Each structure stands twice: as structure tokens, then as C-alpha cells.
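Participant: Going line by line, the protein sequences match chains U and H.
For the first sequence, this note's numbering assigns the number 1 to the initial residue and increments by one for each residue that follows.
For the second sequence, this note's numbering assigns the number 1001 to the initial residue and increments by one for each residue that follows.
Yeah, the Cβ is synthetic: ideal placement off N, Cα and C, and Gly gets one too.
Only a predicted model underlies this, so the values are computations on that prediction, with no experimental measurement involved.
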Amino acid sequence: MSAPLPAGRALGAPLLAHDFEPTIFEFSAPGRHAASFRTTDLPTWTAEELVPQGFLQAESVALPEVSERDLVSHFTRLTHRQYSVDLGAYPLGSCTMKYNPKAADAGASLPGFTQVHPAAPATCTQGWLELLVELEEALCEITGMEAATLQPAAGAAGELTGLLLMRAYHSANGESERRRRVIIPDSAHGTNPASVTLSGYEVATVGTNARGGVDLDALRALLDDDVAGIMLTNPSTLGLFEEDIVEIAEAVHDVGGLLYYDGANLNAILGIVRPGDMGFDIVHLNVHKTFATPHGGGGPGAGPVAVCAKLAPFLPGPRPTRGEAGYELTTPEHSIGRVHSWHGNAVVLLRAWMYLRLNGGDGLKRVSEIAVLNANWFKERLRGTYDIAYDRPVMHECVVSAKSLHHDVGLSALDVAKRLMELGFHPPTVYFPLIVEEALMVEPTETESPQTLAALADAFVQVARESRDAGNADDAKAAPRTTPVGRLDDVRAARKLVVTFDQRRPD
Amino acid sequence: MLGFLGLDDLDGLFGEIPEALRLAEGLDLPPAMSEPDVAWRLDELASRNRPCGRDLVCFAGAGSYDHEIPAVVKAIASRSEFVTAYTPYQPEVSQGVLQAIFEYQTMIARLSGLEVANASLYDGAAALVEAVNLAVVATGHKRVLCSQGVHPHWRQQLETFSRGSGNEIDTVPLSGGVTSWDGIVDEGPFGAIVVAAPNFLGCLEDIASARAAADRFGARLVVCFDPVSAGLLQSPGSLGADVVVGEGQPFGTALGFGGPYLGLFACRLADVRRLPGRIVGETVDTGGRHAYVMTLRAREQDIRRERASSNVCTNQTLMAVTAAVHLSWLGPKGLRDVALGCARATRYTREALCSIDGVQLMTTAPVLREFAIRTPIAPEKLIESLVEDGYLAGVPIRAGFEGTAYHGGLLVSATERRTRSEIDGFAAAFEKAVR
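(1) Whose C-alpha, out of MET166(U), MET395(U) and VAL491(U), is nearest the C-alpha of ALA306(U)?
(2) Is there a C-beta anywhere in chain U that falls below 9 Å from the one on ARG1041(H)?
(3) For ILE282(U), which residues does DSSP report across the bridge?
(4) Check whether the region 1382–1395 of chain H touches the region 1047–1063 of chain H, counting contact only when three or more Cβ pairs, one atom from each stretch, lie closer than 8 Å.
(5) In terms of residues, what are the limits of the alpha helix (DSSP H) holding HIS520(U)?
(6) Taking CB distances under 9 Å as the criterion, tell me whether SER341(U) reaches chain H.
(7) If you draw a straight line from the C-alpha of ILE1017(H) to the C-alpha of ALA1138(H), how long is it?
(8) Spell out the partners DSSP gives GLY1263(H) in its beta bridges.
(9) Are the Cβ atoms of SER1080(H) and PRO1088(H) separated by less than 9 Å?
(10) Assuming GLY299(U) and THR1317(H) are in contact, meaning their beta carbons sit under 8 Å apart, how far apart are those beta carbons, in whole angstroms?
(11) Using the beta-carbon of each residue, which ones in chain U are nearer than 9 Å to SER1094(H)?
(12) Between the C-alpha atoms of PHE25(U) and PHE501(U), what's the straight-line distance to the nearest angstrom?
(13) Would you verify that the beta carbon of CYS124(U) is, or is not, closer than 9 Å to some beta carbon of chain H?
(14) What whole-angstrom Cβ distance do ILE1356(H) and VAL1434(H) have, given they're in contact under 8 Å?
(15) Check whether the region 48–62 of chain U touches the region 1330–1338 of chain H, counting contact only when three or more Cβ pairs, one atom from each stretch, lie closer than 8 Å.
(16) Which residues of the region 1149–1183 of chain H have a Cβ closer than 8 Å to any Cβ of chain U? Give them in chain order.
(17) Hey, is the region 114–132 of chain U in contact with the region 466–482 of chain U, meaning 3+ C-beta pairs nearer than 8 Å?
(18) Is LEU1361(H) closer than 9 Å to PHE1371(H) when the C-beta atoms are compared?
(19) How about SER335(U) and VAL409(U): do their beta carbons lie closer than 9 Å?
(20) At least one CB of chain H closer than 9 Å to the CB of MET354(U): is that the case?
(21) Output the boundary residues of the beta strand (DSSP E) element that contains MET421(U).
(22) Could you check what DSSP says for THR46(U) in three-state terms: helix, strand or coil?
(23) So, is the C-beta of ALA120(U) closer than 9 Å to a C-beta in chain H?
(24) Tell me the start and end of each unbroken alpha helix (DSSP H) in the region 1155–1241 of chain H that is at least 4 residues and wholly inside, in chain order.
(25) How do the region 355–369 of chain U and the region 1030–1045 of chain H stand: do at least 3 beta-carbon pairs fall below 8 Å, yes or no?
(26) Buried or exposed for ASN1133(H), please, with buried defined as at least 16 other CB atoms from any protein chain shown within 10 angstroms of its CB.
(27) Counting only beta-carbon atoms, is LEU71(U) nearer than 9 Å to chain H?
(28) How far does the beta strand (DSSP E) with PRO118(U) in it extend, from its first residue to its last?
(29) Between the Cα of MET1033(H) and the Cα atoms of GLY1026(H), LEU1027(H) and ARG1041(H), which residue gives the shortest distance?
(30) For SER948(H) and LYS102(U), I'd like the C-alpha separation in whole angstroms.
(31) So, using beta-carbon positions, are LEU238(U) and SER187(U) closer together than 9 Å?
(32) Is the beta carbon of GLY1252(H) closer than 9 Å to that of HIS1151(H)?
(33) Under DSSP, the alpha helix (DSSP H) around HIS253(U) begins and ends at which residues?
(34) Looking at the structure shown, is HIS1290(H) part of a helix, part of a strand, or coil, going by DSSP?
(35) Please decide whether ASN1049(H) counts as near chain A, where near means a Cβ-Cβ distance under 9 Å.
(36) In its own chain, which residues sit with a C-beta less than 8 Å from the C-beta of GLU1380(H), not counting the 5 before and 5 after it?
Below, the structure written as C-alpha cells:
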């Protein structure tokens, strides 16, 4: 790290957009429009000739009336008020905001894929089906599972699907009534307990031991024949590998429960260790994390679910399979049914397929090695400046804490996050996991260069030093001042609820 | 970097993983390929698909429609600031996505005729599942009456997730292509009445009579609408819907083999605290400047955990932004032109096909952009045959209609993109195929 290479920062207000941008509705002028359509030469039947009068609307829906030019400039100005991975480091813990290769953008816009109708006969979709079968096989190899469904549209959809598979398995064994609890660690993502409730199970929470792992004694005390299974993230949301995983798996299996692997943190272990080899029975993957499909400002993602052999007959259907006369869609014998309108977020899955092909088996291992190297390096760079929640080697992310800063100079994790924006970086995840006070959860990912990591770490250190050593906590508390808007009034947003332009009222 | 950590090699990073679990051989996957090699292989796979276009003129619908997608929508929707951003948890650096969602929410509320809309769900089916959950929580009744006119895949998904939620779904059959609510003798109580308007068979449903049924049972009325129909028809909200859901794919999202699509979700202001997923609201910053932020966050899974009524986290924001751009491109006139164009092309196609010997319309109710016909040969066989002639003839009506008169029918749709010469060519090939 001795040769100082410059690191890019998204410093200052994004380009030209510091001022308020009106809504598209305020640009609207009667009679303007941008749309144009094919000339069809069809009879010009009127609405009244086509539809009985009673169904027809009295007036058109008030959509914006704008020219293409105004439309483009409005939305382009909005993009200038938006941070993104393409702009710089985005070290949100648990979110795996790695760079999204542009090759996948090109692949995802090939008409040979994007113009295929989902209900077209299999003879018209052989390329799609082959790609999806190849992807399923690769995901099974990576996770150590037997078969997978590609239907779930996101991680949470995968969780619920996995839990319904768990329920179907227990039902088939005549144990649906008895098994009603699913165990979740107190460090788990919020989607886990929410999914458990939606799958008809009760949540039983297990605590965390002094080393950041599942408290094995507490787990054993919870285990009984009314347990349907356990949901674990490994490495955990603390970024730590679950050292007792073999014992946990044995204990859960001993009472007839199943092990569910939340794949949110799979980026740490590709080609290193597989959930199946750890004893897991059900695995969901977040391709928008691990396999670099872009997050789209909150979605789309895809959350395939891979399972061991005994759960394969319950998988959702129809699913792409290899048949005698080519690829086809088939439904497993005891399928739980559909979990998506069609075949899943296919174009997102295509991007994942490309990422796997670009990296290959060895490349995936390298991905995890560098992700883990970066997180450990980052944690060590912050040692002495921030508190380290659990002082162990971490996997792909590290959880540090602003607890001492908060105690000593009143600087909270949120203040640190906001000041980081002024220094040109997107902040880490804050206040999660819930069991760590003033948590700052940093996931650098493997795609950031050493000089970017160094600049990011310097920024973290600067925030702490200027408030602690130089006695200037005001900068951080007033931050961010260089972004399109400053800190927001969340309470007002909820109290004076305005979620559409039509609810807007003058003060 | 390894030196800084006091490690000799990368392997040393994984010392906490029990040795016995470690993958000794590495993954059994093909080796890395160069970018052009991957692109070549992908192109090869693409060549084994038959995409819709000039060589396969699309008359298939069933929830996935071949609408115009202009260059401007593709250009804005592929801006990397929208594509590569995360969920806007840090609003100061996420105003672009937040404002675009706010504008989208406004448009969806206006289209549906209800007061509030969320920031999107996975697809139409997922939106329906969430709508039913909302209705059940709001009313305290777990029994649901769902019209058979709701897309069969959506009904299947409702069934799948009901095994977890414990909701009981009863199907109300169709007559003449539309739902009859009068014949129900079971007095409930029911949490939700679900109807699709227009429905899967293309027929216009009488939402007012569904509203009357909902009132009779004390249920919430959930309407699955085709948002394109908002170009011509009265909105479901104005006719009494409590929750409106739909598939937003027609607004700028490609057929894409079924995903990613866009789940539309709108409801009354009174139910806003039960709204699933994310919602963006207005506020001000410390300097009094106008700004946008995700609001009512206390409903969501990351805060409410096992007491949350939805587990939605990731949604389909990029498709929502795309829809906002597309709807702005359309404007009120464009949306009307699309709906009218679909209705005209569908009428012309229907008259052409129904004049062929042995082809019969299966429904009597008025239709908008889709219709169901009985054909002299099995629909699967007919579709395969017409693919050879360059037409995707439609979608077979099978699963979800077992034991009904509609089973074995063919669902045909024509969008504003279909021309007279395409339809004439299709009808001629159709006639030859069934002869």
C-alpha cells in the first residue's frame, strides 16, 4: 500500500442538481405528448363502438403531458441526485454492493432473450430453458445441493418458498401439526422472522454467545420435536463464520428439524465451503448480491432456492428440465405450486449466468478470497479508532461500532454515516445487526481496489479523529451539507403523510 | 495487504472454518471464459429461442403483452444511476430514485382510482397475495372468495402462499365469461372478494356487483386490473375497489420470458399503514428544502420482524422507474391510444378468426384486448403449427380451468402494435392450419 494511487470519490453535490427538481407533473402542459405508434391501417372504431358505454371513463387519467426532450432532462437531472455503484464505493454491509459487469447489461438486452413470450411453447424457448438449467446446476454445485427453483423474485420470496418447502416436507411425514416452531438467531435479518410468520410457523429466538456465534446451550434448550427447523446466515450478520455449525446441524437434525441457509452472505464462501457440506437442507441465494446483478435502486433481484435430494419433489413448478426431446418445463410430483407469475426474474437470472461464466469455478473462489481479505484489512485499519464488536477474524464484512465515540463526544453511527457522504463515499449499513450498539456494518466487496479501500478507511478515521481529537463533532452532526439535500425530517414524513403529488397541500 | 494482517497466504483468512468442511477440490464448474466468448455462447443460446418480432408476430397475451417500448424509455431506464443504486436507505444521496418512485406512486394511484400506491412488488401475482393478506388482516377473516377469471397462475400462487398464511381460498366460477356473485349461498364471513377486470378471458367484469358482494360479506374488494385498460375504462377505485393490484409489464418492460415484471399495488388512505413493501413520502430537510424519503418504515420487516404482515424487502424499483418514464412518454392521449389500439386490433382479429369455420368465441360478455375461442384442433397443436408460419397464435387455456367449458380454449390478444396486414396474414395461416 506504499505507492499512493489516487482513489476516486463522489465528492460534493452530484453535478448540477443541488437545487430542487420539480415533479414531472409540474412540467405538464396540456396537449404536449411524446408517444408515437405503428401505423396499423385498421378500422378506426370509436371507444363507444368497441366497449359498452357503461364501462367507459368520462375523462382520461391525468398523466403528465410532456415532450420527449423535457421528459429526458427531468429524469436525467434526477439521476444527478443519485449515488450508485458506478459512481464509487458502496460499502453497505449485508448488501454486497459489488461492481456490476457491463457485459451482463449487453447480454440482458439481446432481443433473442428479451422478446421471448413466457407462454410460448418450449420449441420457441430452448435457449432460455438451457440457460436456466445450466444456472440451476451451477447454483447446486456452489451450494452443495441437489436441485433448485429459480422462481423466487427476491431473497425474501426465497425465504418464504424455502419455509413452505420445509412445511411440505414435514406434512408429507405427517408432522405438520406437531412441528410449529422455527429457530432464528437474534442477529438475523428482519426478513427471516417475517417470513417465518407468513409460513405459518412461530419464531423462537436463540441468543448470541460471547464470540458472536449461536449460543449452543441455549439452542439445545430450545430444541424439541416441535421444531420444524432453524434459519441461519453463515457467515452471520456479524460477518463471523459460525464455528459450531457441525454441532448445530447435528443437534437440529437429531430432533428431526431442517436447516435453512440464508444466502445473504454467500459472497464469503464461494468455492471455500458449501452450505450442503455444513449440513444445510435448504439454501436461498441472492443473485443481486453474490452474482453481481444490479440492484436497480431496490430491485429487481432474484432469490433461487436450492434443496437437498429429499426436498426436491416439493419444489415449485413448472421448472426447466432436460427432457428426451430437448428442454422442457415440468412440475415435481409433490410441488408446493407456483411462487411467481412465470419462470422467475429470468433476465436477472441471465445476468447471473453470465457472471458465473465470466468467473468460472476458480474465479468464484478468488471473489470470496478477495472479499474476505478486503473486509479483514478494513477492520484492522479501523482498530483503535472504532470499537470492534467481536474481535475475531471476519469473513466478507465487518461490524464495528461508534459506541465509544457516542459516549465520549456524542457522535452516533448515523452522524458517522452522514459525514462520510461529505467525504465522498456512500455510508455503510448502520444500526444493524440490532445486537450491536451504534453498529456500522462495512462490506467493502472484492471489486474495490486497495487505493479505494484505503481512501474509504481514511475517511472513517478522519470522521472519528476530527470529532474526538480536534474536538469538532459539529461537522459530523451537521452533515451532510454537500449533498442535494441535508438531513431529513423523518417524523414529519410520517405525520404529514404525502405519498402522491395529489396529497400535496400548502403548509 | 496480507502482510498488514500478518498472514502468509489467502488460505489463512479462512482459519475459522473447520478443516473437514473445506472444499478440497474446488468447484466443479467450467473455467472462466473471456467476455467475447461468453457473449458468443449467449448469442448461440439466443439463436435457439424464437423471440417475438417480425419473424414471430405476437398474438399471445395472458398477462404478458407485446407493447411498444420506445428508445427514450430504454435510454432512461438503463442509466446506471438508476440501475446500480441500492434501496434508498440514505435519502440525502438517493433523491433521484426516491423522487422517481414518488412520481410513480402518484401515477399508479391515479390509474387505479385509489389514494395511495406503494413503490412496487415483484409481479402481479405477488401483489395479489399481498392484497389478500392485507384484506385478511384488516377484516380478521381468513376466508377469501376469488373469481375464476383471475389469472390462473396468480390463483395458483395465492394457493401456494395460503398454505403458510392459513387463508382459505374459494373459487367463484364464471358464466358467459364473467363472474356471478349472486349465486353464493355461503354467508361467510369473508375477508376478501377478488375479481379481475378485465379478466383472464378478456371479459369486462361488472365491478359494481363485486362491490355489492363485498358489502354483503363485510369483505375488502380486491380488483386485479390491466393497467392498459385505464386508457378507456372507469377506474376500479371509482367503482368501489378497496385494493387494486395489477401487472405493470405493459409500461416499458420487455416480455423477457416472464420477468422481471412489475407488481402494481394501490389502496385507500385508510389502509396505508397495512400497505406492503416500501412507500416514499415527502418531507423537508434541516434547511427547509423539499425532499423525499421512505416513510412509514415501522410497518416493515426490518423493524417489525415477526409481527410484520409482509416480508417484502427487495422490490422491482427499476421497473417502477421505467413505468413512470413510460407513462410520462404516453401521457393521457398516448395511454388512450394504446388502449384504443389494442381494442381495435383485438376486434379486427376476433372478427377475422371467428369467421373461420369451426372457430367459436367462448364468451358472451364484452371484451377489451383479449378473447377466448374454441378451435377445431387442440390449441397446443395449433400454436406449434402457426409458429412455423411466423405467428405466436395465443396461449392455451388449461390449468385453473379444469372441468369448465373454457378448458382447451385458445386465448388470443392483439396489441396496438398489430397491423391490418399482420392480422390478415395471421387469419389466413390460421384458417389453413385448422382446415
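Facilitator: Checking against the coordinates, here is how it stands:
(1) Here the question's residue 306(U) lines up with position 306 in the first sequence. The option with the nearest alpha carbon to ALA306(U) is MET166(U).
(2) Taking the first residue of the second sequence as 1, we reach residue 1041(H) at position 41. Closer than 9 Å: yes.
(3) As a working mapping, residue 282(U) is identified with position 282 in the first sequence. Answer by DSSP bridge pairing, in chain order: TYR260(U) and VAL307(U).
(4) yes
(5) Nothing in the structure corresponds to residue 520(U), since chain U is present only between 1 and 507.
(6) The residue labelled residue 341(U) in the question sits at position 341 within the first sequence. Yes, SER341(U) counts as interfacial toward chain H.
(7) Translated into positions along the second sequence, residue 1017(H) becomes position 17. Translated into positions along the second sequence, residue 1138(H) becomes position 138. Cα-Cα distance, rounded: 47 Å.
(8) Here the question's residue 1263(H) lines up with position 263 in the second sequence. Answer by DSSP bridge pairing, in chain order: LEU1121(H) and GLU1247(H).
(9) Here the question's residue 1080(H) lines up with position 80 in the second sequence. Here the question's residue 1088(H) lines up with position 88 in the second sequence. No, Cβ-Cβ distance for SER1080(H) and PRO1088(H) is not below 9 Å.
(10) In the first sequence, counting from the first residue as 1, residue 299(U) sits at position 299. In the second sequence, counting from the first residue as 1, residue 1317(H) sits at position 317. About 5 Å; that satisfies the 8 Å criterion.
(11) If you number the second sequence from 1, residue 1094(H) lands on position 94. What SER1094(H) touches in chain U: ARG81, GLN82, TYR83 and GLY297.
(12) Translated into positions along the first sequence, residue 25(U) becomes position 25. Translated into positions along the first sequence, residue 501(U) becomes position 501. PHE25(U) and PHE501(U): Cα-Cα distance of roughly 8 Å.
(13) In the first sequence, counting from the first residue as 1, residue 124(U) sits at position 124. Yes, its Cβ sits closer than 9 Å to a Cβ of chain H.
(14) Numbered from its first residue, the second sequence carries residue 1356(H) at position 356. Numbered from its first residue, the second sequence carries residue 1434(H) at position 434. Rounded, the Cβ-Cβ distance is 6 Å, consistent with contact.
(15) yes
(16) HIS1151, HIS1153, TRP1154, GLN1156, GLN1157, GLU1159, THR1160, PHE1161, ARG1163, GLY1164, SER1165 and GLY1166
(17) no
(18) As a working note, residue 1371(H) is residue 371 in the second sequence. As a working note, residue 1361(H) is residue 361 in the second sequence. Closer than 9 Å, so yes.
(19) Translated into positions along the first sequence, residue 335(U) becomes position 335. Translated into positions along the first sequence, residue 409(U) becomes position 409. For SER335(U) and VAL409(U), no; Cβs fall outside 9 Å.
(20) Taking the first sequence and counting its residues from 1, one reaches residue 354(U) at position 354. For MET354(U), the answer is yes, since a Cβ of chain H falls inside 9 Å of its Cβ.
(21) Locating residue 421(U) in the first sequence gives position 421, counting from the first residue. Taken as a continuous stretch (DSSP letters only), MET421(U) belongs to no beta strand (DSSP E), being part of the alpha helix (DSSP H) at 413–422.
(22) Along the first sequence, read from residue 1 onward, the residue named residue 46(U) stands at position 46. Coil, per DSSP.
(23) Start at 1 with the first residue of the first sequence, and residue 120(U) comes out as number 120. Chain H contact via Cβ: present.
(24) 1207–1217
(25) yes
(26) Here residue 1133(H) refers to the residue found at position 133 when the second sequence is read from its first residue. Label assigned to ASN1133(H): buried.
(27) What you label residue 71(U) is simply residue 71 of the first sequence in a count that begins at 1. Chain H contact via Cβ: present.
(28) Residue mapping note: residue 118(U) aligns to position 118 of the first sequence, counting from 1. It is not in any beta strand (DSSP E) - PRO118(U) carries neither H nor E in the DSSP assignment.
(29) Taking the second sequence and counting its residues from 1, one reaches residue 1033(H) at position 33. When each option's Cα is compared against that of MET1033(H), the closest is ARG1041(H).
(30) Residue 948(H) is absent from the model: chain H starts at 1001 and stops at 1435.
(31) Position 238 of the first sequence, counted from the first residue, corresponds to residue 238(U). Position 187 of the first sequence, counted from the first residue, corresponds to residue 187(U). Against a cut-off of 9 Å, the Cβ pair of SER187(U) and LEU238(U) comes out as a contact.
(32) The residue given as residue 1151(H) occupies position 151 in the second sequence. The residue given as residue 1252(H) occupies position 252 in the second sequence. Going by C-beta atoms, HIS1151(H) is not nearer than 9 Å to GLY1252(H).
(33) By 1-based counting over the first sequence, the position of residue 253(U) is 253. It spans 245–254 - the alpha helix (DSSP H) in which HIS253(U) sits, taken as one unbroken run.
(34) Along the second sequence, one-based indexing puts residue 1290(H) at 290. Correct three-state label for HIS1290(H): strand.
(35) Reference to chain A is not applicable here, since the protein chains of this structure are U and H.
(36) Within the second sequence, the letter at position 380 stands for residue 1380(H). Contacts found: PRO1396.
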